[in-house]
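Line by line, the protein sequences are chains A and B.
Per the numbering used here: the first sequence = residues 1 to 320.
Per the numbering used here: the second sequence = residues 321 to 640.
Idealized CB from N, CA, C, for every residue including glycine.
There are 2 protein chains.
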Amino acid sequence: MKVAVLGCGRWGSFISWYADKIGHEVAMWGRAESKNYRRLLLDRTNDYLVLSSAVHLTNSVIEAVESAEMIFIAISAQELRGFANRLNDMELSNKTFVLCMKGLESESGKRLTQVFMEEMKSPVKVAIWVGPGHVQDFTNDIPNCMVIDSEDADLTKRIVDSLGSETIRFYYGHDLLGNEIGAAAKNVIGIAAGMLDGIGYASLKGALMARGTKEMARLVKTMGGDELTIYGLGHLGDYEATVFSKHSHNRRFGEAFAKKEPFEKLAEGVATAKALLRLSEQYGVELPICQAVDSVLSEDSDPKEQLVRLFMRPVKSENV
Amino acid sequence: MKVAVLGCGRWGSFISWYADKIGHEVAMWGRAESKNYRRLLLDRTNDYLVLSSAVHLTNSVIEAVESAEMIFIAISAQELRGFANRLNDMELSNKTFVLCMKGLESESGKRLTQVFMEEMKSPVKVAIWVGPGHVQDFTNDIPNCMVIDSEDADLTKRIVDSLGSETIRFYYGHDLLGNEIGAAAKNVIGIAAGMLDGIGYASLKGALMARGTKEMARLVKTMGGDELTIYGLGHLGDYEATVFSKHSHNRRFGEAFAKKEPFEKLAEGVATAKALLRLSEQYGVELPICQAVDSVLSEDSDPKEQLVRLFMRPVKSENV
């Protein structure tokens, strides 16, 4: 199948590598001025992988998209609305878009498929690809399980059939809302985990996992999703990579923040915490962990005080 | 309050240290010939802590128990039945027993409170103390959250009121069955996690968490408990300590087993896997992770083949 990958960062370049490896015809787009794109163009490599010569690199979105049947988008979540809007200049009818990002629109709290479909003027199909997996592992043949979800079970099945391999086993998702909220929210839990590492309280990550999943399950249920989705691959299943891994950008960001060390750029979970607090207000659901993370990040609260307060507040039932 | 602690291993000695610290009058029993007991008697210390002189050490169970209102038991789970039976020589009416172990009776699949109450001839009360927490952290003032559960909400509340502190925040459990199964089962997940470490597939621990909780939740629900208990502190909340920690005996055991390295003694999860497979049969619930762990341990199956098969089997829905 002809596919396009829009975005040439770590995950975009991996999707191109993977789609090529399992036999698809791949065109990958990057911005002409992007450092990642220029490096790939120069020697077809980055810190994670080597692209085969069969992957076509282009800085023209039109060229990448026009003949593709399935289009993967892996750009920064907060840039999706503007990017999607610019795609409307093309004929997109009946193309399938797979969003491969984990985030929520910070200003509105909207899910990425909502943002995307609000902008699209043609009748397109949209799905998401979420779940755990390190690029470094996949390129070393260490397999993992991931999830495809959409509102259309046939579409989900078609994408799973096109993408599954010995390296990635895809499960069918059945709750697009729950998987989008969950995939985004795990980055906030990752920041909280990093803060626990930063203050020397790593053993509270157990409580963080139990209370973090509970908090997100409550939100998803109130929003009309299935609370059990949070305990699936898209959220809980991504905790190894996010809460415990040295590679997790969000965890490292939280750790550096708590230690008052410099960090290169804001982690995606910073915007996601803002988005979740909007949903917390809209749906009347308390999100104490998100609140604590945002309060440390935005109001300069002391991370140790916030996190210890969170877990050590007066006794109560586990069910609340 | 006068309390007794029966067992002087890592966890028993910690309970004595902790109960003394928060103001209880503590008698701790150990077998006269036990290495742990002899070392504590000699210099009141072990690898984890120093006991205050206020903790009374004795090798007479009667002496420890007779004047105690609340009795904590922290011995090997498989020895509980015989030990409980021998307690019947004493007057125990209305005493409260708190079981501080994580296991199931291997031969029967029975929960430890079932085993205990089957043996008791006096009308006693029984509860459990489960959840995460490293002794090393608690003695360094790093707090954590744990769970007390029983079939009697007033009893649960009374124990929580007697034990809570700035170091341990206790939540009230509401599902004794779910918390007992969950606390025991986490050791099997710990062995599976160690096997993944041993074969170099640590990144599958994310999928292990998502699929492991799902498997145990299904069992608890079928047995009449609340499936959400598995996602609380007693099971999922203990994954940091069990699935990721260098200190976890079960994880280390699984890793050594997969690498064919020698190990000192069987981990508790070995017996628990057998017990869970009995429950699997009795209740007609498939437990593929327990099955795989037991098959590697008992039938000499290849851990890589078993575990990869487990996670990479043909595509299906997340809900199954």
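Give a yes or no on whether the C-beta atoms belonging to residue 518 of chain B and residue 589 of chain B are separated by under 8 angstroms.
Residue numbering aside, residue 518 of chain B sits at position 198 when the second sequence is read from its first letter. Residue numbering aside, residue 589 of chain B sits at position 269 when the second sequence is read from its first letter. Not in contact: residue 518 of chain B and residue 589 of chain B (Cβ atoms no closer than 8 angstroms).
If we count Cβ pairs, one from each stretch, closer than 8 angstroms, do we get three or more for the segment 490-500 of chain B versus the segment 448-458 of chain B?
yes
Whole angstroms is fine: what's the gap from residue 43 of chain A's alpha carbon to residue 221 of chain A's?
Translated into the one-based positions of the first sequence, residue 43 of chain A becomes position 43. Translated into the one-based positions of the first sequence, residue 221 of chain A becomes position 221. Each residue's alpha carbon lies about 48 angstroms from the other.
Could you check whether the Cβ of residue 420 of chain B sits closer than 8 angstroms to any Cβ belonging to chain A?
Locating residue 420 of chain B in the second sequence gives position 100, counting from the first residue. No, its Cβ sits nowhere closer than 8 angstroms to a Cβ of chain A.
Please list, in chain order, all residues of the same chain as residue 2 of chain A whose beta carbon is under 6 angstroms from its beta carbon, the five residues on each side excluded.
Counting from 1 along the first sequence, the entry for residue 2 of chain A is found at position 2. So the list reads 25, 67, 68 and 69, once near-sequence residues are dropped.
Starting from the Cα of residue 403 of chain B, find the closest Cα among B:419, B:413 and B:414 and give me that residue.
Along the second sequence, one-based indexing puts residue 403 of chain B at 83. Checked all of B:419, B:413 and B:414; the closest Cα to residue 403 of chain B is B:419.
Using a Cβ distance threshold of 8 angstroms, determine whether the segment 226-240 of chain A contacts the segment 292-308 of chain A, with at least three qualifying pairs required.
no
Please check if any C-beta of chain B sits within less than 8 angstroms of the C-beta of residue 312 of chain A.
Here residue 312 of chain A refers to the residue found at position 312 when the first sequence is read from its first residue. The beta carbon of residue 312 of chain A falls within 8 angstroms of a beta carbon belonging to chain B, placing the residue at that interface.
Quick one: Cα of residue 429 of chain B to Cα of residue 532 of chain B, how far?
For the purposes of this step, residue 429 of chain B is taken as residue 109 along the second sequence, with counting starting at 1. For the purposes of this step, residue 532 of chain B is taken as residue 212 along the second sequence, with counting starting at 1. Computed Cα separation, rounded: 18 angstroms.
Given a threshold of 16 other Cβ atoms within 10 Å of its Cβ, counted over all protein chains shown, does residue 602 of chain B qualify as buried or as exposed?
Position 282 of the second sequence, counted from the first residue, corresponds to residue 602 of chain B. Flag for residue 602 of chain B reads exposed.
In whole angstroms, what separates the C-alpha of residue 436 of chain B from that of residue 400 of chain B?
As a first step, residue 436 of chain B is located in the second sequence; it is residue number 116 there, counting from the start. As a first step, residue 400 of chain B is located in the second sequence; it is residue number 80 there, counting from the start. If I take the Cα positions, the gap works out to 7 angstroms.
Where the segment 232-253 of chain A meets chain B: residues whose CB sits under 7 angstroms from a CB there:
Residues passing the 7 angstroms Cβ filter: 232, 233, 236, 237, 238, 239, 240, 241 and 244.
Between B:596, B:569 and B:597, which lies nearest to residue 586 of chain B when the distance is taken from Cα to Cα?
By 1-based counting over the second sequence, the position of residue 586 of chain B is 266. Between residue 586 of chain B and the set B:596, B:569 and B:597, the nearest pair of CA atoms involves B:569.
Among B:458, B:424 and B:534, which has the Cα closest to the Cα of residue 597 of chain B?
The residue given as residue 597 of chain B occupies position 277 in the second sequence. With distances taken between Cα atoms, residue 597 of chain B lies closest to B:424.
Name, please, each residue of chain A whose Cβ falls closer than 8 angstroms to the Cβ of residue 579 of chain B.
What you label residue 579 of chain B is simply residue 259 of the second sequence in a count that begins at 1. In chain order: nothing, as chain A lies at least about 17 angstroms away.
Against chain A, does residue 503 of chain B count as a neighbour if the rule is that its beta carbon must be under 8 angstroms from one of theirs?
Position 183 of the second sequence holds residue 503 of chain B. So, not an interface residue.
Could you tell me which residues DSSP puts in a beta bridge with residue 326 of chain B?
As a first step, residue 326 of chain B is located in the second sequence; it is residue number 6 there, counting from the start. For residue 326 of chain B, which the question treats as bridged, DSSP gives the partners B:349 and B:393.
Interfacial residues, the segment 207-232 of chain A to chain B, with Cβ spacing under 9 angstroms:
207, 208, 209, 210, 211, 213, 214, 217, 226, 227, 228, 229, 230, 231 and 232
Which partner residues does residue 104 of chain A have in the DSSP bridge list?
Within the first sequence, numbered from 1, the residue matching residue 104 of chain A stands at position 104. In the DSSP output, where bridge partners are listed per residue, residue 104 of chain A has A:111.
May I ask which residues mark the beginning and end of the alpha helix (DSSP H) holding residue 214 of chain A?
As a working mapping, residue 214 of chain A is identified with position 214 in the first sequence. Taken as a continuous stretch (DSSP letters only), the alpha helix (DSSP H) holding residue 214 of chain A covers 205-222.
Whose CA, out of A:156, A:147, A:121 and A:167, lies closest to the CA of residue 136 of chain A?
For this step, residue 136 of chain A is matched to residue 136 along the first sequence. Residue 136 of chain A has its Cα closest to that of A:167, out of A:156, A:147, A:121 and A:167.
Counting along the chain, where does the alpha helix (DSSP H) carrying residue 312 of chain A start and finish?
One-based indexing of the first sequence puts residue 312 of chain A at position 312. Boundaries of the alpha helix (DSSP H) around residue 312 of chain A: 303-312.
Decide if the segment 466-473 of chain B is in contact with the segment 504-521 of chain B; the criterion is three or more beta carbon pairs, one per stretch, under 8 angstroms apart.
Touching, no, given that fewer than three Cβ pairs across the two stretches are closer than 8 angstroms.
On the CB-based measure, 16 or more other CB atoms within 10 Å of its CB, does residue 309 of chain A come out buried or exposed?
Taking the first sequence and counting its residues from 1, one reaches residue 309 of chain A at position 309. Of the other Cβ atoms in all chains shown, fewer than 16 fall within 10 Å of the Cβ of residue 309 of chain A; this residue is therefore exposed.
Which residue or residues does DSSP assign as beta-bridge partners of residue 499 of chain B?
In the second sequence, the residue the question calls residue 499 of chain B occupies position 179. Residue 499 of chain B pairs with nothing; no bridge assigned.
How long is the line joining the alpha carbons of residue 510 of chain B and residue 87 of chain A, rounded to whole angstroms?
Position 190 of the second sequence, counted from the start, is the residue given in the question as residue 510 of chain B. Position 87 of the first sequence, counted from the start, is the residue given in the question as residue 87 of chain A. Residue 510 of chain B and residue 87 of chain A: Cα-Cα distance of roughly 48 angstroms.
If distances are taken between C-alpha atoms only, which option among B:426, B:414 and B:349 comes closest to residue 293 of chain B?
Only positions 321 to 640 of chain B appear in the structure, and residue 293 of chain B is not among them; the question remains open.
Residues near residue 285 of chain A in its chain [Cβ-Cβ closer than 6 angstroms; skip 5 each side]
On the first sequence, residue 285 of chain A is found 285 positions in, with the first residue counted as 1. Only residues of its own chain outside the window of five on either side were considered, and among them 218, 219 and 222 have a CB closer than 6 angstroms to the CB of residue 285 of chain A, listed in chain order.
Is the beta carbon of residue 179 of chain A closer than 8 angstroms to that of residue 229 of chain A?
Locating residue 229 of chain A in the first sequence gives position 229, counting from the first residue. Locating residue 179 of chain A in the first sequence gives position 179, counting from the first residue. Against a cut-off of 8 angstroms, the Cβ pair of residue 179 of chain A and residue 229 of chain A comes out as a contact.
Buried versus exposed, by CB contacts within 10 Å (16 or more), residue 409 of chain B
On the second sequence, position 89 is the one that residue 409 of chain B refers to. The residue is exposed, with fewer than 16 neighbouring Cβ atoms inside 10 Å.
Bridge-paired residues (DSSP) for residue 50 of chain A
Residue mapping note: residue 50 of chain A aligns to position 50 of the first sequence, counting from 1. A:45, per the DSSP bridge assignment.
Report, in whole angstroms, the separation of the C-beta atoms of residue 74 of chain A and residue 29 of chain A, which I expect to be a contact under 8 angstroms.
As a working mapping, residue 74 of chain A is identified with position 74 in the first sequence. As a working mapping, residue 29 of chain A is identified with position 29 in the first sequence. That belief does not hold up - the Cβ atoms of residue 74 of chain A and residue 29 of chain A are roughly 10 angstroms apart, past 8 angstroms.
I need the boundaries of the alpha helix (DSSP H) containing residue 92 of chain A, first residue and last residue.
For this step, residue 92 of chain A is matched to residue 92 along the first sequence. Element bounds for residue 92 of chain A: n/a, residue is neither H nor E.
So the beta strand (DSSP E) residue 609 of chain B belongs to, where does it begin and stop?
Indexing the second sequence from 1 puts residue 609 of chain B at position 289. Segment 608-619 is the alpha helix (DSSP H) holding residue 609 of chain B; no beta strand (DSSP E) there.
CA-CA distance, residue 141 of chain A and residue 576 of chain B?
Counting from 1 along the first sequence, the entry for residue 141 of chain A is found at position 141. Counting from 1 along the second sequence, the entry for residue 576 of chain B is found at position 256. A straight-line Cα-Cα distance of about 23 angstroms links residue 141 of chain A and residue 576 of chain B.
Residue 150 of chain A versus chain B: which residues are under 7 angstroms apart at the beta carbon?
Locating residue 150 of chain A in the first sequence gives position 150, where the first residue counts as 1. Within chain B, no residue comes near residue 150 of chain A; the closest Cβ sits about 14 angstroms away, beyond 7 angstroms.
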